[in-house]
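Under the UniProt record's numbering, read the sequence shown as residues 1 to 278, first letter to last. All residues carry an ideal CB built from backbone N, CA and C; glycine is no exception. One structure below.
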Amino acid sequence: MLFICSIRITHVRHFARESMACMDVSACSANYTSLSAPASTVRQPAENENTGHPGDTFAVDALQQSLASARKAVYFWGSLAATVVPGYFGRKVGLTENFHHWNFITDHLILGAIPVVTRVGESGNHLAQLQSQLAQRGLKLGLVVACMEEVEIRGFGVSVITFADKVAWRQHVGPELEYLHLPMADGTSDAPFDDVASAVDKMHLRILEKKAVYVHCKAGKGRSWMVTVCYLTTYGGMTFQDACDMVSAIRVQVKPSESQRAFAEAFARRMSQRGIVS
1 MLFICSIRIT
11 HVRHFARESM
21 ACMDVSACSA
31 NYTSLSAPAS
41 TVRQPAENEN
51 TGHPGDTFAV
61 DALQQSLASA
71 RKAVYFWGSL
81 AATVVPGYFG
91 RKVGLTENFH
101 HWNFITDHLI
111 LGAIPVVTRV
121 GESGNHLAQL
131 QSQLAQRGLK
141 LGLVVACMEE
151 VEIRGFGVSV
161 ITFADKVAWR
171 QHVGPELEYL
181 HLPMADGTSD
191 APFDDVASAV
201 DKMHLRILEK
211 KAVYVHCKAG
221 KGRSWMVTVC
231 YLTTYGGMTF
241 QDACDMVSAI
251 RVQVKPSESQ
261 RAFAEAFARR
271 MSQRGIVS
């Protein structure tokens, strides 16, 4: 995964240029209006009158949104590199033997990072690698649960690397593959309880069919950890702490946020009260 380090966040400049263009257009429009008005119609603004132009507010809002998107993109790529690159080098020198892009938590449940479709050197082409591993185990992939925002799956517009989206998954696995999008912002647990419960139910149904389930977020450390633990406490016959210990022992890089741990623990308690836990 060394190639991730070479990514340039080119869309930051693009957003900045677009926002500045909006500001320039607004300013030019305002100047033209004031210069073209007849002298008799020009008046002095009343005291405390707002003399700002609507275009100015639009330009400022656009710039703020662009900067916010740019910050999220920089964090996305930076944190992904910080997660993947140490594991890549660690495996090369034998320091992180178990630091993998994905891990089999059970015979049919896989927790991992978003697969990279692009092939660069020894890295990438993860869907082909995953298919090979599944074939060796005599398994077929039945469900993918993507716990990410759509803009992350698109790599924030950076086209150097292509991540696995719904289309890519079905191209590699087959059109019958079930793809469930469960969007959450990075570091959060902001998915509705019922949506997570529905995802866990779908996971259970596919696993009952002896099919594999792949649950992922960006790095397979937080959001997908939360959904995986929710499944294990609901249908895996585990307590919350047992599920946490099991996942941490297998996928050593997991690092859920406090809100994600709290959600998973509350989910286990609530499902137990409903009598759904098996």
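Which of helix, strand or coil DSSP assigns to residue i
i, result
"E178", "strand"
"E150", "helix"
"R261", "helix"
"F216", "It should be noted that the sequence gives His, not Phe, for residue 216. DSSP places H216 in strand when its eight states are reduced to three."
"I207", "helix"
"V117", "coil"
"I9", "Here the model assigns I9 a pLDDT of 41, short of 50, so the residue's position is not dependable and the matter cannot be decided."
"L139", "coil"
Own chain residues within Cβ distance below 6 Å of residue i, not counting five before or after
i, result
"K140", "K211"
"S198", "none"
"A168", "V117"
Option nearest residue i by Cα separation, candidates the options
i, options, result
"T233", "H126, S257, E265", "E265"
"E178", "I114, K221, G142, P115", "G142"
"L205", "L109, F193, T162", "L109"
"G187", "M226, M271, G138, M246", "M226"
"T106", "Y231, K221, S189, R170", "Y231"
"C244", "H101, L111, F99", "L111"
"F193", "K255, M271, M148, T118", "M271"
"T162", "Q260, V247, N125, K202", "N125"
"V116", "A135, K166, L134, F104", "K166"
"Q129", "A164, V200, M238, F263", "A164"
Counterpart residues of residue i in DSSP-defined beta bridges
i, result
"S155", "Note that residue 155 is Gly in the sequence shown, not Ser. Paired residues: none, contrary to the question."
"F267", "None; F267 has no bridge partner."
"W102", "G112"
Beta-carbon proximity check, residue i vs residue j, cutoff 9 Å
i, j, result
"A146", "H181", "yes"
"V215", "S224", "yes"
"S189", "S257", "yes"
"N103", "R274", "no"
"V254", "G222", "yes"
"T228", "A268", "no"
Close Cβ partners of residue i (< 8 Å) along its chain, the five nearest in sequence each way excluded
i, result
"Q131", "L141, H172, V173"
"A185", "E149"
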